[in-house]
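Q: Take the sequence shown: its position 176, counted from the start at 1, is 634 in this note's numbering, and no numbers get skipped.
Beta carbons: idealized from backbone N, C-alpha and C, even for Gly.
Below is one structure. I have some questions about it.
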Amino acid sequence: MAEEERPALEVKRLVKTFGGKENPVTVLDGVDLTLARGDFVAVMGPSGSGKSTLLHLIAGLLTCDGGEIRVGGERISEMDDAAVTRFRRRRIGLVFQDFNLIPTLTAEENIALPLLLDRKPPGPAVIEEVLARFALTPRRTYLPDRLSGGERQRVAIARALVTRPDIVLADEPTGNLDSPAGRAFCDLLSAMNQEEACTILMVSHDPVVAAAARRVHLLKDGRFVDAFDTEHDPARVASRYLEAMGETPAAPHR
Ligand SMILES: Nc1ncnc2c1ncn2[C@@H]1O[C@H](COP(=O)(O)OP(=O)(O)O)[C@@H](O)[C@H]1O
Ligand SMILES: [Mg+2]
459 MAEEERPALE
469 VKRLVKTFGG
479 KENPVTVLDG
489 VDLTLARGDF
499 VAVMGPSGSG
509 KSTLLHLIAG
519 LLTCDGGEIR
529 VGGERISEMD
539 DAAVTRFRRR
549 RIGLVFQDFN
559 LIPTLTAEEN
569 IALPLLLDRK
579 PPGPAVIEEV
589 LARFALTPRR
599 TYLPDRLSGG
609 ERQRVAIARA
619 LVTRPDIVLA
629 DEPTGNLDSP
639 AGRAFCDLLS
649 AMNQEEACTI
659 LMVSHDPVVA
669 AAARRVHLLK
679 DGRFVDAFDT
689 EHDPARVASR
699 YLEAMGETPA
709 APHR
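Right under this line is the structure:
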């Protein structure tokens, strides 16, 4: 298959075990997941089910114990550290709950950072456009500690998208935002997915957040146990989630 025809993400029979030989704990036990280009998938699962571990493996921040991972057709699970670092910077966008912004750089500098690290400084027009798109133009010279939570998260997503990555990985991206900022952030992710066809894999335990995705995959006991279309309906996501986890869904409100 030519590289551009390959899915944005292919995870096959992925295994990850923590702990030594004495006390091994297998967190992921044969996980399969494929995202087509332009897909928007949310992974849900109980706390400790391995959601963050899965994202860290896909980002090449952890190494797996079995299986393979391809991002944009390239086998990240086989790369050495230097290659993985370069690949991640160019081809993967990361958005974490705690934003991970550099405190001594302005909003604008944080956004440009992946390109600067790659010695491809963006032209002024590119930065202007990104700042405008994420409603950050008036805040461009602010350091992160002067930004609101929502603004910080917009800087983080702008930084993740500035390289036009094959895939954006977001781990509980609204976890530190209040509900209006969380909702605004979900709307922004949906817009990025629909208008720019960027591929997004997001982890969240919140049905309202997960409903921004098109599809949900449920992780339990080291495997995906169910997948369904969200229809962008949080109530549907919540009841399917509870059902798959073996809990009785609460009586529907409508
Ligand atoms: N570096 C690590 N060393 C040992 N155990 C770990 C490590 N990282 C995660 N775990 C364990 O793996 C399991 C899954 O963790 P995690 O992926 O963070 O779950 P989730 O994000 O779904 O809450 C947990 O039991 C956690 O304690
Ligand atoms: Mg987690």
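Give a yes or no on whether the C-beta atoms belonging to Asp487 and Val473 are separated by under 9 Å.
A: Counted from its first residue, the sequence shown places residue 487 at position 29. Counted from its first residue, the sequence shown places residue 473 at position 15. Closer than 9 Å, so yes.
Q: Pull up the CB-CB distance for Met537 and Gly518, whole angstroms please, since I reckon it's below 8 Å.
A: For the purposes of this step, residue 537 is taken as the residue at position 79 of the sequence shown. For the purposes of this step, residue 518 is taken as the residue at position 60 of the sequence shown. That pair is a contact at about 7 Å.
Q: Looking at ligand 1, does it come within less than 8 Å of Phe545, judged from the CB to the closest heavy atom?
A: In the sequence shown, the residue the question calls residue 545 occupies position 87. For ligand 1, not one heavy atom lies less than 8 Å from the Cβ of Phe545.
Q: Beta carbon of Val469, beta carbon of Leu552: below 9 Å?
A: Indexing the sequence shown from 1 puts residue 469 at position 11. Indexing the sequence shown from 1 puts residue 552 at position 94. No, the pair does not count as a contact, with Cβ atoms beyond the cut-off.
Q: Looking at Pro623 and Ile516, is the spacing between their C-beta atoms short of 9 Å?
A: One-based indexing of the sequence shown puts residue 516 at position 58. One-based indexing of the sequence shown puts residue 623 at position 165. Against a cut-off of 9 Å, the Cβ pair of Pro623 and Ile516 comes out as no contact.
Q: Helix, strand or coil for His675? Go by DSSP, reduced to three states.
A: Position 217 of the sequence shown, counted from the first residue, corresponds to residue 675. Strand at His675.
Q: Taking 9 Å as the cut-off, decide whether the C-beta atoms of Asn651 and Arg617 are in contact.
A: Stepping through the sequence shown from its first residue, residue 651 is reached at position 193. Stepping through the sequence shown from its first residue, residue 617 is reached at position 159. In this structure, Arg617 does not lie closer than 9 Å to Asn651 by Cβ.
Q: Give a yes or no on contact between the stretch 600 to 614 and the stretch 639 to 648, applying the rule of three or more CB pairs nearer than 8 Å.
A: The answer is yes - the stretch 639 to 648 touches the stretch 600 to 614, with three or more Cβ pairs under 8 Å.
Q: Note down, in chain order, each residue of its chain lying with its Cβ closer than 8 Å to the Cβ of Glu480, except the 5 sequence neighbours on either side.
A: Working through the sequence shown from its first residue, we reach residue 480 at position 22. No residues qualify anywhere along the chain.
Q: Leaving aside the five residues before and after Glu587 along the sequence, list all residues of the same chain whose C-beta is less than 6 Å from its C-beta, in chain order.
A: The residue you call residue 587 lines up with position 129 of the sequence shown. Around Glu587: no qualifying Cβ.
Q: Rounded to a whole number of angstroms, what is the C-alpha to C-alpha distance between His692 and Phe476?
A: Within the sequence shown, the letter at position 234 stands for residue 692. Within the sequence shown, the letter at position 18 stands for residue 476. Checking the sequence, you will find Pro at residue 692 rather than His. About 33 Å.
Q: Just the C-alpha distance for Arg528 and Ile534, rounded to the nearest angstrom, thanks.
A: Position 70 of the sequence shown holds residue 528. Position 76 of the sequence shown holds residue 534. So the alpha carbons of these two residues sit roughly 6 Å apart.
Q: Taking the alpha-carbon positions, what's the Met660 to Phe686 distance?
A: Mapped onto the sequence shown, residue 660 falls at position 202. Mapped onto the sequence shown, residue 686 falls at position 228. The alpha-carbon atoms of Met660 and Phe686 are separated by roughly 15 Å.
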